[in-house]
Amino acid sequence: MPKTAVFPLRRLGALSPAGATGCMLLCGVLWSFGGLFVKLLPWHPVVISGARGLIACLSLLAFCKAAKIPVRLTGRGVLGGAFLCATLLSYVLATKLTTAANAIVLQYTSPVFVMLLCALIYRQRPRGADVLVVLVTLSGIALFFLEQLTPGGLAGNLVGILSGVANASFYVYCANACKEESGPFGVIILGQGMTFLVSLPFWFLAPPVLGAAQIGSILFLGLVQQTLPYILYAYAIRRCPALTASLVSVAEPLLNPLWVLLAVGERPGTLSLIGAGVVLLAVTAWCLNNQRLEAKV
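Residue numbers (the working numbering): 200 to 496.
What follows is the structure, given as structure tokens:
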């Protein structure tokens with residue numbers, strides 16, 4: 200009997216920049232369905248995060264075993280897993296508290312926080328363009344708060360910002376983990392597992408209603424919306440710096456509220472739409488400009 204073929208980790212790790220960009224684009228499309236299924240599932244947000252995390256954790260472990268990919272963890276990897284856990288929990292909670300558009304756009308500000316973290320941790324001096332994009336992004340975020348004046352809306356926006364900070368921290372620490380042969384799989388698996396462990400008390404406090412629709416939705420979230428894009432992401436990030444990886448793709452913040460609008464009918468307010476446009480344009484233009492400067496260097 201022939202031996203099981205080892206997954207071509209090194210070959211995929213050597214993706215061309217165009218191939219890596221295509222993988223990141225597909226990741227963005229798959230991740231964009233998160234808002235829709237979080238809105239559809241009538242469960243506590245922490246229970247949704249935990250159930251999705253358990254499915255993703257087990258399926259990624261199975262993938263690594265089948266592909267013979269070693270899963271190693273370091274102290275930095277554990278910290279990265281904790282940041283991923285915080286990202287997953289805060290995003291789902293924000294989606295439940297505020298509109299899907301607000302939640303995903305606020306998480307989309309993570310490239311700005313990547314820049315701020317690099318300035319604090321690695322002493323990278325910000326340029327004039329960096330300061331400008333921070334100010335413009337903050338002005339866009341302010342429009343969310345001007346419209347979401349209810350306690351739930353304000354809390355959702357604050358948690359959404361926390362999701363952006365946690366997401367940026369994950370990218371910064373995960374970029375270092377990708378230097379190892381196993382890539383970021385250990386960090387991602389640990390983060391998903393941590394999310395499930397954190398959710399355990401809520402399974403008893405707010406037991407989920409189980410039915411065919413609920414089971415199908417959570418399986419989609421765990422397998423299609425989490426596992427598959429993270430496998431693609433694990434290889435694509437090898438050719439993407441932390442800042443570019445945090446951008447992922449503009450497809451996610453654009454498609455996420457679109458699916459929710461079409462299926463649920465949730466419509467963001469005028470000020471939120473203007474704020475979202477300001478944030479998306481500012482962050483996207485800034486990241487593209489950074490890529491152009493890196494290409495010149």
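The C-beta atom is built at its ideal place from N, Cα and C for all residues, glycine as well.
Could you have a look at residue i and say whether DSSP puts it in helix, strand or coil?
i	result
K267	coil
Q178	Lying before the first or after the last residue shown, residue 178 is absent from the chain, which here runs from 200 to 496.
S289	helix
R466	coil
G415	helix
W230	helix
R251	helix
Tell me which residues share the same chain as residue i and place their Cβ nearer than 6 Å to its Cβ, disregarding the 5 neighbours each side in the sequence.
i	result
V477	G339
A285	A365
C373	G279, P383 and V386
E380	The pLDDT assigned to E380 is 46, lower than 50, so where the model puts this residue is not dependable, and the model offers no usable value.
V304	P452, A475 and V478
Only counting the same chain, and skipping five residues up and downstream in sequence, which positions put a Cβ closer than 7 Å to that of residue i?
i	result
L460	R466
R209	Note that R209 scores 48 on pLDDT, short of 50, meaning its location in the model is unreliable and no value can be drawn from it.
Q323	C317
Please name the residue in the options whose C-alpha comes closest to that of residue i.
i	options	result
L158	Q306, I254 and L272	With the chain represented from 200 up to 496, any question about residue 158 goes unanswered, as that position is not in the structure.
F262	R438, Y429 and A481	Y429
R326	M314, L229 and C256	M314
W458	S368, G233 and L260	G233
S368	Y432, L357, R275 and L431	R275
L260	G390, S362 and P406	G390
Where does residue i land, buried or exposed, given buried means 16+ other C-beta within 10 angstroms?
i	result
Y321	exposed
K295	buried
V245	buried
I417	buried
R438	buried
A481	buried
Excluding the 5 residues preceding and the 5 following residue i in the sequence, name in chain order all residues of the same chain whose CB lies nearer than 8 Å to its CB.
i	result
N488	A328
Practice prompt. Could you tell me whether the region 462-473 touches the region 291-301, where touching means 3 or more Cβ pairs closer than 8 Å?
Written response: Flag = yes, the region 462-473 and the region 291-301 touch.
Item to complete: Spell out a yes or no on whether the region 300-314 and the region 395-410 are touching, meaning 3 or more CB-CB pairs, one atom from each, closer than 8 Å.
Response: In this structure the region 300-314 does not touch the region 395-410; the number of beta carbon pairs closer than 8 Å is below three.
Item to complete: State whether the region 402-420 contacts the region 232-249, with contact taken as three or more CB pairs (one from each stretch) at a distance under 8 Å.
Response: Two segments are said to touch when three or more pairs of C-beta atoms, one from each, lie closer than 8 Å; by this definition the region 402-420 touches the region 232-249.
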